[in-house]
Structures are given as C-alpha cells and as structure tokens.
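**Q**
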Amino acid sequence: MKRLNINSLNQPASNIWDQLLAEGKPDNKASAIQIIQRNLITADQRTFYPLTVKILTSLGYNAAIGNQGDTSNRVDAFIKDASYSIPIEIKSPTEVMNINIKSVQQAVENKVILLSRQFYPTTLETTSLVIGYLYPEDRSGVYELIDDVRYTYGFNIGIITLHDLIVSLWEKDFEAIVFDKSRITNLKGKYI
Amino acid sequence: MKRLSLEGNNSKRRGLLAEGIKNFQIIQDLEGRSTIKVDGIPFSPTCLNCVDIPCKEFKTSEILPDVLNGMPANPSTKVCPVNAISEDRITGFPTIDPETCFGCGLCFNRCPYGAIGLEVGKEAKILHADSEIVEFIKSDSITEFSKNYELRINQDRTIIENIPKGGLTNIYSEILRIRALNQSFENLFTRNVLLCLNINAKIKNIGNNDIRIDLIGKQRNNIIVASIDLVGSDTLNIPRYLLDAIAVLHSRHNISKKSIIPLVVVGSYPNKRSDFFEMLGDIKAVTNFETKTFSLHFLIILMLFNKVLNFDEIEGAFSLSKDKKDIIKEAQAIIPGLEKLDYWFGSNYYGARK
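First to last, the sequence lines map onto chains A and B.
Heads up, the first sequence is in this note's numbering, so the first residue is 1 and it goes up one at a time.
Heads up, the second sequence is in this note's numbering, so the first residue is 193 and it goes up one at a time.
And the structure:
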C-alpha cells in the first residue's frame with residue numbers, strides 16, 4: 001500500500017503531491033483521491049493537522065497551525081487574512097470519522113474567541129471552519145445546529161472534508177481550474 | 193387525621209400565620225435544635241402534617257415548568273434525592289429514615305413551619321411537640337386557619353446560626369459517592385436545590401441523549417438554561433454546551449434571546465489560569481449573553497439561609513470573566529457577614545483557585 005510520507009510534510013508546499021502520493025501519481029483524479037483517502041484513514045492529529053494546513057496553503061490561503069499549549073488560544077489552525085481570518089477546527093479520522101456536533105460546538109466557540117480576542121482580523125459573517133475526514137451522518141443533527149447558530153448568533157459555520165479539499169487542489173494543479181478562495185471564506189454549511 | 197391544607201399557598205414562602213402577627217422566625221442551632229419565634233416569642237416547632245407535604249413532594253408545576261414542553265424530563269417530584277422521607281403508616285406524618293438521610297437541607301428548606309431539625313451534613317428530623325404553638329393553631333379549626341391566616345416569613349431571617357465546617361463537606365462527599373453510581377444524580381440534586389431557591393426547573397430524563405441541556409428552568413419571564421459539572425471533568429466544554437443550547441432554544445423553540453439566562457453550576461471554581469473565565473467574558477462581549485456561575489456550595493448556603501435566587505435582581509452579578517474570577521462581593525451582599533459564618537468563605541467555592 002502506498003503510504004503517506006509523514007516526514008516530508010515540512011517540505012515546501014509545491015511538493016505536496018509527492019508527499020500525498022509517495023509512490024507516484026496515478027493518471028486520473030479518482031484513483032489519486034482514493035489512494036490518498038485510504039492512506040489517511042489512520043492519520044492522527046500529528047499527521048492530519050499539518051497536512052490540512054499544507055493543502056490550504058497550496059490552495060492559496062495563509063494558513064497556520066494554532067499555538068499548541070496556549071490555553072488562551074486553543075484553535076487548531078487559522079487562515080490568516082487582512083480582513084477575513086478563519087478559525088479552523090480539525091478532526092482527524094482517529095479522533096472522529098465523521099464531523100459531529102462537538103466539532104460544530106467547538107467551531108462556534110472558536111468564532112466567539114476570535115471575535116472577542118481579535119488575534120486576527122475577521123468579520124461576523126466570515127466562516128468558522130470545520131475540516132474532517134467525512135461529512136456528518138444525516139441523523140447527527142449537525143446541519144440543524146449550523147442553522148440554529150446562524151439564526152441565533154449570525155455566525156456561519158462551514159464544514160469540509162479533506163477529500164473535498166484534495167479534489168479542489170487537484171483541479172487547481174492539474175485541471176487548470178481556478179480555485180475561488182471565497183468559497184471557503186463565505187462557506188455556510190457543507191462545502192459544495 | 194386532619195392535615196393542614198396549603199391550598200392556595202403555592203410557595204413555601206407563603207404559609208400560615210395568625211392575623212396580626214408580623215414576624216415569624218425559625219432559628220436553627222448547630223445541633224439541629226429548632227425554635228420558632230412569633231413576634232419574638234419562642235415556641236417549639238412541630239410538624240403540622242401538611243396535605244401536600246412540601247417537605248416530601250414538589251408540585252408538578254415546579255418540576256415541569258412551561259418551557260420546552262416536548263423535552264422528556266425526569267418526572268421525580270421527590271424533594272429528598274435519596275428518598276429518605278416517607279409517611280408513617282400509622283400516624284400519616286412524614287418521617288425521615290436516619291440511615292439514608294445525609295442532612296443536605298432540602299426538606300428543611302421546604303418545611304414552612306420550621307418543623308424539621310437539621311444537623312447539616314448528618315441528618316434531618318421531623319419535629320413533634322405539644323407546644324404552645326400547637327394550642328395556638330388548634331384554637332381555630334384547621335380549615336379556617338388555612339383560609340384566614342397567612343404566614344409571611346421574613347426573607348432576611350437567619351435560619352441557621354452557623355454553617356458547620358464538616359457538615360457541608362459530608363454533603364459533597366455523599367453527592368460524589370452517589371454520583372459515581374449514578375451520574376444523573378448531580379443534575380437531580382442541583383435541580384432540587386434550584387427549586388428551593390424559587391426556580392422551577394426540569395432536567396432531562398435518564399438515558400435521553402438527544403437533549404444537550406442539563407437543566408432548563410423558568411422564573412417569571414426568564415428562561416434559565418444550565419450546564420452542571422460538579423466534579424470539574426467537563427468545565428472547558430461548558431461554554432460550548434451553553435452556546436449550543438441557547439441557539440437551539442432560540443432557533444427551534446422561538447424563545448426570545450432577551451429572556452434566556454445561561455447558568456453554570458460547578459462543584460468548585462476552576463483554576464485561575466483556566467480559560468473558562470475568559471471564555472464566559474468572550475460570550476458576553478460577542479453575543480451579549482451574561483452567564484451566571486454558581487458553586488453548588490453557595491447555592492446550598494442560599495438554601496440554608498432561606499434565600500431565593502431572583503434573576504431579575506442579579507443582573508451584572510455572578511457574571512465571571514478574565515477580570516472577575518470570584519463571587520465574593522455578590523455573596524456578601526446577599527448574606528451579610530457570610531465571611532464569619534462560612535468556614536469555606538474565600539475558598540474555591542467562591543472563586544478561582546489560586
């Protein structure tokens with residue numbers, strides 16, 4: 001089985017496909033994504049968090065891991081922007097396979113913290129992002145809670161899987177499809 | 193056996209007292225001896241065997257307030273969380289099993305006549321006496337007494353003279369022991385304390401994981417949504433749970449944001465370096481929801497002193513943040529001299545651990 005080269009994650013972002021597909025790139029997108037997904041299913045936080053940030057960086061965002069050990073800033077990662085910074089809650093597959101209620105609760109908290117403590121500039125409407133391995137189960141109540149949060153606080157919680165991030169990156173790198181960064185900045189609910 | 197009817201006197205604050213009597217006081221000493229003073233004249237208190245037995249049962253309207261009516265709530269109306277109060281099969285009077293009772297003070301608080309002697313943290317006893325007050329009550333028919341007289345218990349009265357240091361720790365030890373066997377016990381006990389403080393409240397039914405709210409209460413127009421963590425295992429998650437619960441209440445149940453009061457009940461306040469305090473301040477700053485945080489200890493103190501927790505009167509108080517990590521001033525404002533009465537005053541029952 002082709003393995004993710006964890007040690008190579010600190011290399012420049014341009015090498016990300018070499019890192020994701022250590023044993024060579026398949027010809028088509030579906031095969032490549034399938035291999036990556038299979039390789040990542042056992043990824044823990046140490047692998048999943050930096051990889052997620054690296055993919056976001058490759059998509060053109062100024063993304064960074066949060067300050068681990070800083071009790072006043074427990075957000076997993078940030079997309080930093082001059083006006084529309086985004087806190088990111090990351091769930092590796094070894095933590096939870098599907099994005100769940102707790103992930104959304106944490107994203108709401110992340111949004112409150114960022115708006116109050118102003119580590120980076122943002123707006124009320126800018127999404128607070130959850131990145132996980134799989135989308136929520138239909139019966140999980142996640143989508144209902146996202147609607148409740150938007151109605152009550154005006155916060156937009158966006159959820160996206162690593163799969164969809166990798167697909168977007170593939171399209172950008174190999175199919176010359178321009179990635180629209182506002183798709184995540186303004187994300188409301190599931191990434192489509 | 194005739195029983196005194198409390199019909200029409202829904203609150204324990206409204207019992208019965210002869211017309212013209214201005215002051216009714218129940219004084220409890222450290223050994224659990226109780227004295228009633230009617231306009232300064234001492235009487236030995238005695239159980240009047242009330243019809244609705246307020247020391248034993250809450251009313252359904254108290255435990256099922258008219259809010260979130262679809263929520264499957266714990267239906268227990270028992271005041272005693274360990275079911276130590278029963279009715280004597282021969283006399284019909286309430287009786288307390290000394291083996292089961294751990295002296296928490298709930299029934300003591302509920303008795304309108306001071307007829308429960310309490311040794312805090314040890315046991316409570318139903319008091320019986322052929323005293324002058326019985327003769328006084330007998331001088332009128334029970335029914336007429338019920339109709340014509342109203343007891344106005346002075347809210348400022350002190351009902352215990354001191355708070356025994358070990359008694360309260362005995363209560364907490366017992367709560368934690370039972371909680372280890374039944375995790376929902378902390379919610380039940382907290383609900384019962386809040387009921388004694390004049391907050392009608394319900395808790396989710398055992399085994400129901402669909403409701404992500406520990407307790408929901410109602411006091412006049414205020415809807416209280418509470419997260420309870422007596423062992424400190426989940427403190428950092430509490431603000432998340434509250435934000436979730438508020439969103440659900442407002443969005444799905446059309447409860448106005450203005451009426452929602454988030455409440456946190458902790459066993460003791462977290463360490464001062466915990467992000468808990470700053471997070472509550474963040475929530476206030478960003479969403480305008482002011483979370484009230486109490487230790488169970490202080491709620492029990494309020495209960496023992498026969499206080500009510502009136503949310504309309506504590507706006508701005510018990511609201512913690514990065515810059516305010518204790519409730520000392522508010523506590524002293526409600527119970528003057530508390531620093532002398534409570535051995536634990538200033539401890540982590542009143543604010544962040546150093």
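All C-beta atoms in this analysis are idealised placements derived from N, C-alpha and C, irrespective of residue type, glycine included.
Keep in mind it's a predicted model, so treat the numbers as computed, not measured.
Expressed to the nearest angstrom, what Euclidean distance is found between the alpha-carbon atoms of Lys546(B) and Asn463(B)?
**A** In a straight line, the C-alpha of Lys546(B) is about 7 Å away from that of Asn463(B).
**Q** Please report the distance separating the alpha-carbon of Ser268(B) from that of Lys516(B).
**A** Those two C-alpha atoms are separated by around 37 Å.
**Q** Pairing CB atoms from the segment 240 to 254 of chain B with CB atoms from the segment 275 to 287 of chain B, are three or more of them under 8 Å?
**A** Contact holds: three or more Cβ-Cβ distances are below 8 Å.
**Q** Are Leu59(A) and Phe174(A) closer than 9 Å when you measure CB to CB?
**A** Not in contact: Leu59(A) and Phe174(A) (Cβ atoms no closer than 9 Å).
**Q** For Lys330(B), is the classification buried or exposed, using 16 other Cβ atoms within 10 angstroms of its Cβ as the cut-off for buried?
**A** Per-residue confidence for Lys330(B) stands at a pLDDT of 49, beneath the threshold of 50, marking its modelled position as unreliable; no derived number is given.
**Q** Can you give me the C-alpha to C-alpha distance between Ile55(A) and Asn67(A), rounded to a whole angstrom?
**A** Ile55(A) and Asn67(A): Cα-Cα distance of roughly 19 Å.
**Q** Is the Cβ of Ile99(A) closer than 9 Å to any Cβ of chain B?
**A** Taking Cβ atoms only, chain B never reaches closer than 9 Å to Ile99(A), which makes this a no.
**Q** Hey, how far is the Cα of Lys532(B) from the Cα of Phe481(B)?
**A** Answer to the nearest angstrom: the Cα atoms are 34 Å apart.
**Q** Counting only beta-carbon atoms, is Ala439(B) nearer than 9 Å to chain A?
**A** With 9 Å as the cut-off, Ala439(B) counts as an interface residue toward chain A.
**Q** Can you tell me whether Pro237(B) is buried or exposed? The criterion is at least 16 other CB atoms within 10 Å of its CB, across all chains shown.
**A** Per the 10 Å Cβ criterion, buried.
**Q** Look at the alpha carbon of His163(A) and the alpha carbon of Tyr433(B), and state the distance between them as a whole number of angstroms.
**A** Approximately 29 Å, taken between the alpha carbons.
**Q** Determine the extent of the alpha helix (DSSP H) in which Ser253(B) is found, giving its start and end residues.
**A** Segment Thr252 to Ile255, the alpha helix (DSSP H) holding Ser253(B).
**Q** Return helix, strand or coil for Lys330(B), following the three-state DSSP convention.
**A** With a pLDDT of only 49 at Lys330(B), under 50, the local geometry of the prediction cannot be trusted, and the value read off the model is given with reservation. Three-state result, Lys330(B): helix.
**Q** Which residues, taken in chain order from the segment 148 to 168 of chain A, show a beta carbon closer than 8 Å to some beta carbon of chain B?
**A** From the segment 148 to 168 of chain A, only Asp148, Val149, Tyr151, Thr152 and Tyr153 have a Cβ closer than 8 Å to chain B.
**Q** In chain A, what lies closer than 7 Å to Arg412(B) by C-beta?
**A** Chain A residues near Arg412(B): none, gap ~22 Å exceeds 7 Å.
**Q** Looking at the structure shown, is Ser133(B) part of a helix, part of a strand, or coil, going by DSSP?
**A** The question about residue 133(B) has no answer here: the residues shown for chain B are numbered 193 through 546.
**Q** Shorter than 9 Å from the beta carbon of Val456(B) to some beta carbon of chain A?
**A** No, no contact with chain A.
**Q** Which residue marks the beginning of the alpha helix (DSSP H) containing Lys449(B), and which one marks its end?
**A** From DSSP, Lys449(B) is part of no alpha helix (DSSP H); its letter is neither H nor E.
**Q** Going by DSSP, what residues sit across from Asn595(B) in a beta bridge?
**A** Any property of residue 595(B) remains undetermined from this structure, which presents chain B solely from 193 to 546.
**Q** Distance cutoff 9 Å, beta carbons only. Does Val178(A) sit that close to anything in chain B?
**A** No, because no Cβ of chain B sits closer than 9 Å to the Cβ of Val178(A).
**Q** Check whether chain A comes within 9 Å of Gln347(B), counting only Cβ atoms and requiring the distance to be less than that.
**A** Here Gln347(B) scores only 34 on pLDDT, less than 50, and its place in the model should not be relied on; the value that follows carries that caveat. Not closer than 9 Å to any Cβ of chain A, the Cβ of Gln347(B) fails to qualify, so no.
**Q** Under the three-state reduction of DSSP, which class applies to Glu171(A): helix, strand or coil?
**A** Three-state result, Glu171(A): helix.
**Q** For the segment 452 to 460 of chain B and the segment 409 to 429 of chain B, state whether three or more C-beta atom pairs, one from each stretch, are separated by less than 8 Å.
**A** Yes, the segment 452 to 460 of chain B touches the segment 409 to 429 of chain B.
**Q** Give me whichever residues DSSP pairs with Arg302(B) in a beta bridge.
**A** Looking at the DSSP assignment, Arg302(B) forms no beta bridge with any residue, so it has no partner.
**Q** For Gly529(B), count the other beta carbons within 10 Å of its own beta carbon; 16 or more makes it buried, fewer makes it exposed. Which is it?
**A** Exposed, by the Cβ-count rule.
**Q** From His445(B) to Ile415(B), what does the alpha carbon distance come to, in whole angstroms?
**A** If you take the alpha carbons of His445(B) and Ile415(B), they lie about 12 Å apart.
**Q** Run down chain B in chain order and give the residues with a C-beta less than 8 Å from the C-beta of Leu145(A).
**A** Near Leu145(A) (Cβ distances below 8 Å), the residues of chain B are Asp436, Ala439 and Val440.
**Q** Can you name the start and end residues of the beta strand (DSSP E) that Leu129(A) belongs to?
**A** Taken as a continuous stretch (DSSP letters only), the beta strand (DSSP E) holding Leu129(A) covers Ser128 to Gly132.
**Q** Find the residues of chain B that neighbour Leu129(A), judging by a C-beta separation of less than 7 Å, and give them in chain order.
**A** The premise fails here: Leu129(A) is roughly 16 Å from chain B at the closest Cβ pair, so nothing lies under 7 Å.
**Q** For Ile475(B), go through chain A and note every residue whose CB falls closer than 7 Å to its CB, in chain order.
**A** What Ile475(B) touches in chain A: Val112.
**Q** Helix, strand or coil for Glu470(B), going by three-state DSSP, please let me know.
**A** Helix, per DSSP.
**Q** Roughly how many whole angstroms lie between the Cα atoms of Asn392(B) and Gly508(B)?
**A** Taking the straight line from one Cα to the other gives about 22 Å.
**Q** What residue range is occupied by the uninterrupted alpha helix (DSSP H) comprising Ala321(B)?
**A** Run containing Ala321(B): none; DSSP gives neither H nor E here.
**Q** Run through chain B and tell me which residues come within less than 8 Å of Glu109(A), C-beta to C-beta.
**A** Here the neighbours are Pro431, Arg432, Leu435 and Met471.
**Q** Quick one: any contact between the segment 536 to 543 of chain B and the segment 498 to 508 of chain B, if contact means 3 or more CB pairs under 8 Å?
**A** Contact fails: fewer than three Cβ-Cβ distances are below 8 Å.
**Q** Taking Ile277(B) as the reference, which of Leu260(B), Cys296(B), Met263(B) and Asn266(B) has the closest Cα?
**A** Here the closest residue by C-alpha is Cys296(B).
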